[in-house]
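For our numbering, add 827 to where a residue sits in the sequence shown, where the first one is 1. All residues carry an ideal CB built from backbone N, CA and C; glycine is no exception. All values reported here derive from a predicted model rather than from experimental measurement. Encoded as structure tokens, the structure appears first; notes follow it.
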Amino acid sequence: MKLAILASLLASGAAFVPASQEARSATSLAAKEKSAALPFLPYPENLKGYVGEETGFDPLRISDYFPMDYLREAELKHSRIAMLAWLGFVAVDMGMKIYPFPAAYEGLTSVTAHDALVEQGAMSQIFLWTGLAETVSLVAVQQMLNGSGREAGDFGLDPLGFLNGKSEEEVKRWKLRELKNGRLAMFAISGVVTQAVLTQGPFPYV
828 MKLAILASLL
838 ASGAAFVPAS
848 QEARSATSLA
858 AKEKSAALPF
868 LPYPENLKGY
878 VGEETGFDPL
888 RISDYFPMDY
898 LREAELKHSR
908 IAMLAWLGFV
918 AVDMGMKIYP
928 FPAAYEGLTS
938 VTAHDALVEQ
948 GAMSQIFLWT
958 GLAETVSLVA
968 VQQMLNGSGR
978 EAGDFGLDPL
988 GFLNGKSEEE
998 VKRWKLRELK
1008 NGRLAMFAIS
1018 GVVTQAVLTQ
1028 GPFPYV
């Protein structure tokens, strides 16, 4: 009985909540910016100011938990490695060779090369030099996160001068191209390795 009376009092009190307050709340929710890539999800606010921000693609909200500069640095690094990896993987299976060509590498494919190079010690050298490069780049990343002003992924490397004399808008377009091609390359190298293992054949692995 007491619970019924309490419930009726609460319901009566709710009737006196100003209608304008409810309307403002509804309007605020409706006006919240949505992701262009996933319109049923809110826009990830931490993407603003970064190349590719217009799509608002971050369904797992990773940018809410890690610094965006760190995430973009990692994405660009993996993108660049994936683009080089796809090119190198396919080039080997199309018969391209380095000269002088070591006799121990004769007959190897991109798939079979891994185990053979581990036995010969070549992979240890790759591990050593890659580890050294990572250590050096870690210093730059740490300084960036501490506010050095360095842009994520910027190592001042542009030997062909793609960005020389370009406007800010053109530079942004070039950076967006790199980002999109890098994302595609990450999927591409995963696919090409899988297909190469399954078919054990040369390019195009069918």
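Pairwise C-alpha distance: residue j and residue i
i: Ser890; j: Tyr897; result: 10 Å
i: Pro986; j: Asn973; result: 28 Å
i: Leu959; j: Gln969; result: 16 Å
i: Gly934; j: Ala949; result: 17 Å
i: Val966; j: Lys999; result: 26 Å
i: Thr939; j: Asn873; result: 43 Å
Nonlocal neighbours in the same chain, by C-beta distance under 8 Å from residue i, ignoring five residues either side
i: Phe916; result: Ser937, Ile1016, Val1019, Val1020, Ala1023
i: Pro929; result: none
Beta-carbon proximity list for residue i, same chain, < 6 Å, skipping 5 on both sides
i: Ala857; result: Confidence is the limiting factor: at Ala857 the pLDDT is only 47, short of 50, which leaves the residue's position unreliable, though a coordinate-based value still follows. Nothing meets the Cβ criterion.
i: Ala943; result: Leu935
Beta-carbon separation (whole angstroms), residue i vs residue j, contact threshold 8 Å
i: Val878; j: Leu990; result: With 8 Å as the limit, Val878 and Leu990 do not qualify as a contact, their Cβ atoms being about 13 Å apart.
i: Gly883; j: Ser862; result: 4 Å
i: Lys1007; j: Trp1001; result: Wrong, their Cβ atoms sit about 11 Å apart, outside the cutoff.
i: Phe774; j: Met910; result: No information on residue 774 is available, as it lies outside the stretch 828 to 1033 that the chain covers here.
i: Pro869; j: Glu860; result: 7 Å
Contacts around residue i, its chain only, beta-carbon distance under 7 Å, and the 5 residues preceding and following it disregarded
i: Val945; result: none
i: Ile907; result: Here residue 907 turns out to be Arg, not Ile, going by the sequence shown. Closer than 7 Å at Cβ, skipping near neighbours: Gly1009.
i: Arg899; result: Tyr877, Ala979, Gly980
i: Ala912; result: Ile1016
Beta bridge counterpart(s) of residue i as assigned by DSSP
i: Lys861; result: Pro869
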